[in-house]
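So the sequence lines, in the order shown, correspond to chains A and B.
Going by my numbering, the residue at position 185 of the first sequence is 179; the numbering climbs one at a time, nothing skipped.
Basically my numbering = 1-based index in the second sequence + 2.
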Amino acid sequence: MKFGKEFGIHLEQTLPEWKDKYLCYKLLKNLPNPPPPDHHLVPDLQHWFVRILNEELDKFNDFYVDKEEEFVIRFQELKQRIEQVKEKSSKDGVFTSEIEFSDEMMAIRRDFVTIHGEMVLLKNYSSLNFAGIIKILKKYDKRTGGLLRVHFTQLALRQPFFTTEPLTRLVHECEENLDLLFPLEAEVVESFSSSKTNADENAGASDDNKNSAPALVGEGGSDVYRRTVDAIRTIKGLKKESSTANPLSFASIFGNQDMDDTGAITDPQSEPDCDDDHPPK
Amino acid sequence: MEAQSALSFQRSAARQFNNHGAASARSAPLDDKYPKFTNPQPNFSSGTVENIFSSSSGISPDFNFSSVIPHSNLSEKAPFTSQSSVIRQSATSSQYTKEINNNSWCTDSLSDFLDYSENTPIQSSDLEHSIMPSEDLLDYPQNAPIQSSNLEHSIMPLPSEDFGKQSNWQDWTDQLINEDDTLTPDWNDILVDTNILDPEQKMSYHVGGSSTNLVQAQPLIPQSSGEACVPLTPTPCGSGSQSKPRMRWTPELHEAFVEAVNKLGGSEKATPKGVLNQMKVEGLTIYHVKSHLQKYRTARYRPEPSSEAPLEKNTTSVEDFSSLELKTGLEITEALRLQMEVQKRLHEQLEIQRNLQLRIEEQGRYLQMMFEKQCKSGTDKFTVPSSIEPGPEVVGPSEEGSSKSGPDSSQPAKRAKVNE
Chain A
-5 MKFGKEFGIH LEQTLPEWKD KYLCYKLLKN LPNPPPPDHH LVPDLQHWFV
45 RILNEELDKF NDFYVDKEEE FVIRFQELKQ RIEQVKEKSS KDGVFTSEIE
95 FSDEMMAIRR DFVTIHGEMV LLKNYSSLNF AGIIKILKKY DKRTGGLLRV
145 HFTQLALRQP FFTTEPLTRL VHECEENLDL LFPLEAEVVE SFSSSKTNAD
195 ENAGASDDNK NSAPALVGEG GSDVYRRTVD AIRTIKGLKK ESSTANPLSF
245 ASIFGNQDMD DTGAITDPQS EPDCDDDHPP K
Chain B
3 MEAQSALSFQ RSAARQFNNH GAASARSAPL DDKYPKFTNP QPNFSSGTVE
53 NIFSSSSGIS PDFNFSSVIP HSNLSEKAPF TSQSSVIRQS ATSSQYTKEI
103 NNNSWCTDSL SDFLDYSENT PIQSSDLEHS IMPSEDLLDY PQNAPIQSSN
153 LEHSIMPLPS EDFGKQSNWQ DWTDQLINED DTLTPDWNDI LVDTNILDPE
203 QKMSYHVGGS STNLVQAQPL IPQSSGEACV PLTPTPCGSG SQSKPRMRWT
253 PELHEAFVEA VNKLGGSEKA TPKGVLNQMK VEGLTIYHVK SHLQKYRTAR
303 YRPEPSSEAP LEKNTTSVED FSSLELKTGL EITEALRLQM EVQKRLHEQL
353 EIQRNLQLRI EEQGRYLQMM FEKQCKSGTD KFTVPSSIEP GPEVVGPSEE
403 GSSKSGPDSS QPAKRAKVNE
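Below, the structure is given as structure tokens:
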């Protein structure tokens, strides 16, 4: 699908408070339209346009940096909670309440997964907006015969909202922590739950997992899950975008090389897996 | 008992986790290497952007270099004029050097911390458009290669005098109205302003943007000692400073913050001023601390919304409680695993996409530069296609990239034909 459409759909799926932090793609993609024939006005036009884009960049930056800060705080808090649980468990010879302990551990796991999801979604935000800006610049250049894109892109590349390395580091750290939090999970949980009964429940659980995952993980979690799935769908949809697909383009060459199922250079249109993954939402 | 063994297992896992977690806290592994750009092209700053804008705007409506050339001397000089005017206004080469020196210490700490970028290879090129070295130094995640160009086309590190200007919209519009073709210097001012916009915000963000960087606090990450610098996206100084200078909080900085808060008796007792003094981080203002403290308090007293809801659910009824636990213990974990898989997948996709975007843009910029070089040297602009060929020695993927960027660079060539 075309970028605008995918972008719009994604906007619908995203959280309300995020929605107006996104690029005003629809609004901006047609500026200036029609291109003014009066050349004398064009310098103004460019300045004005650049100003608008800068405002958009500001918007992204504000939101991104804000969220980043929030993640840093929350992440550190989570690590702190683990410390506390650890301390608590090492203090008491026998844990005062097994259930309490595993409750807390479960809650911590859940929170880690949630924050991980939110961080990745923020990266998605960053990526989409950047792509949108590039597209708008391309359209602008096309319309006005300008060469704004290359230079403004350099500006955009450096903005905080697109310099996502710190966030990526956090994500990786989160994944590591989670690996440790899920150690031989099945064994642990099974021994815990086998002290009661419900073998049947466990057997039946795996089938329901995919559908019940959102519900079980709690409200915050399900929202993240839904949005994550939507984000994946959006990316896939954008890859299939037809208007600029080019077998010789970087996107085709490098994008496909990274795909799991296509090792060779293929036309982006022919990705076999794209159609299977649309969740029936 | 099994239950007990489960507990002890979890405990040891927690311990193991803790050890690892501690390691993670101190030195987050930098797995995601910033894509290494092998080509030595400088990073364009918006300073450069501004110059380009100004030159083209001053000369012709079309923002393309082909139209620059027909205007002969004026146009050819235009980019340089604007830059030299900038230099006149804002920086001399000596100032440039001085500011480089001022920032050198920051570079060191920067490169210490940021091992993922080819951090400060300083390369000279004879490219006409230079960058703001400060910006490269300061722009912490990305701007690795710092390149000095011929100083005649140097940079625009703007000292505080320009900050005074930017808050002045009237000047901006007046200049616009009064512009004539020789107004390139003014265009620069305007463009600087454009990129800066509301000083309070712009200053904070346009790392790439303006002028602000050099004189500003540097977006540096504190040393492992937890002090020294603060990763500020440039904050305004002097007349430019506004109520809300923003900054990027890193985990390290936050740790220092938490330490300070704990020393002062906890998040409730600690005051912004106290924390500020305790932290002793240069460049940190009380506004930063204040807002951060607020967020911190919120995070502590309302931990993770997702953990609250289910826990409350669990305590509603005792029977439900026990059955809920055993029924969903395994399920929840599995659900979490599944969710993690999906999230990881999205993250992978995003990383791929990002690398792609970076590569493409870098390639486009390189080609653009080649084109500019051609124009500048005054050679036949129709040789643009051939100018792409020398690419391979510089960067590997250029051949592949050129096929994509071909349409882009041929466009100006076409326009050149038209204008001739």
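From the three backbone atoms N, C-alpha and C, an ideal C-beta is built for every residue, glycine too.
Source: prediction; values computed, not measured.
- The straight-line gap separating the alpha-carbon atoms of residue 287 of chain B and residue 267 of chain B is approximately 21 Å.
- Closest in alpha carbon position to residue 41 of chain A, among A:140, A:98 and A:228, is A:140.
- Exclusion of the five residues before and after residue 281 of chain B leaves 258 and 262 as the residues of its chain whose Cβ lies within less than 6 Å of its Cβ.
- The shortest CA-to-CA distance from residue 78 of chain A to any of A:59, A:98 and A:60 is the one to A:98.
- Following the DSSP letters along the chain, one finds residue 24 of chain A in no alpha helix (DSSP H), marked with neither H nor E.
- Against residue 19 of chain A, chain B offers no close residue; the least beta-carbon distance is about 16 Å (beta-carbon pairs closer than 8 Å).
- For residue 285 of chain B and residue 249 of chain B, the gap between their C-alpha atoms comes out near 10 Å.
- With respect to the C-alpha of residue 22 of chain A, the residue from A:61, A:137 and A:158 having the closest C-alpha is A:137.
- Contact with chain A is found for residue 253 of chain B, since one of that chain's Cβ atoms lies less than 8 Å from the residue's Cβ.
- Looking at the DSSP output, residue 144 of chain A sits in no beta bridge, so it has no partner there.
- With 16 or more other Cβ atoms from the protein chains shown falling within 10 Å of its own Cβ, residue 96 of chain A counts as buried.
- The three-state reading of DSSP puts residue 331 of chain B in helix, counting H, G and I together.
- Assignment of residue 14 of chain A by DSSP, reduced to helix, strand and coil, places it in the coil class.
- If you check the CB distance, residue 16 of chain A and residue 118 of chain A do not come in under 8 Å.
- By the 16-neighbour rule on beta-carbons within 10 angstroms, residue 9 of chain A is exposed.
- One finds nothing in chain A with a Cβ atom closer than 8 Å to the Cβ of residue 266 of chain B; even the nearest lies about 17 Å away.
- Between residue 44 of chain A and residue 370 of chain B a beta carbon distance of about 17 Å is seen, past the 8 Å cut, so the two are scored as non-contacting.
- The residues 165, 168, 169 and 172, in chain order, have a CB closer than 8 Å to that of residue 110 of chain A in the same chain once the five nearest residues on each side in sequence are set aside.
- Straight across, the Cα-Cα distance linking residue 373 of chain B with residue 366 of chain B is about 11 Å.
- When CB distances to chain B are screened at a threshold of 9 Å, the residues of the region 62 to 93 of chain A falling below it are 62, 63, 64, 66, 67, 68, 69, 70, 71, 72, 73, 74, 75, 76, 77, 79, 80, 83, 84, 88, 89, 92 and 93, in chain order.
- Under the three-state reduction of DSSP output, residue 99 of chain A falls in the helix class.
- The shortest C-alpha to C-alpha distance from residue 273 of chain B to any of B:252, B:283 and B:296 is the one to B:296.
- Among the residues of the region 270 to 299 of chain B, those with a Cβ less than 9 Å away from any Cβ of chain A are 293, 294, 297 and 298, in the order of the chain.
- A distance below 8 Å separates the beta carbons of residue 151 of chain A and residue 363 of chain B.
- Remark: C-beta atoms of residue 344 of chain B and residue 222 of chain A approach each other more closely than 8 Å.
- The criterion of a C-beta distance shorter than 8 Å is satisfied by residue 5 of chain A and residue 13 of chain A.
- By the Cβ-count criterion, residue 303 of chain B is exposed, with fewer than 16 other Cβ atoms from all chains shown falling within 10 Å of its own Cβ.
- Taking the C-beta atoms as reference points, residue 256 of chain B is found nearer than 8 Å to residue 67 of chain A.
- For residue 301 of chain B, the enclosing alpha helix (DSSP H) stretches over residues 288 to 303.
- The beta carbon of residue 380 of chain B does not come within 8 Å of any beta carbon belonging to chain A, so the residue lies off that interface.
- Considering only beta carbons, no part of the region -2 to 11 of chain A lies closer than 8 Å to chain B.
- Using a Cβ-Cβ cut-off of 8 Å, residue 231 of chain A does not count as an interface residue toward chain B, since no Cβ of chain B sits closer than that to its own.
- The straight-line gap separating the alpha-carbon atoms of residue 146 of chain A and residue 174 of chain A is approximately 43 Å.
- When secondary structure is reduced to three states using DSSP, residue 111 of chain A falls in the helix class.
- Restricting attention to A:125, A:219 and A:218, the CA atom closest to the CA of residue 358 of chain B is found in A:125.
- Non-local C-beta neighbours of residue 276 of chain B in its own chain, meaning closer than 7 Å and more than five positions away in sequence, comprise 266, ordered along the chain.
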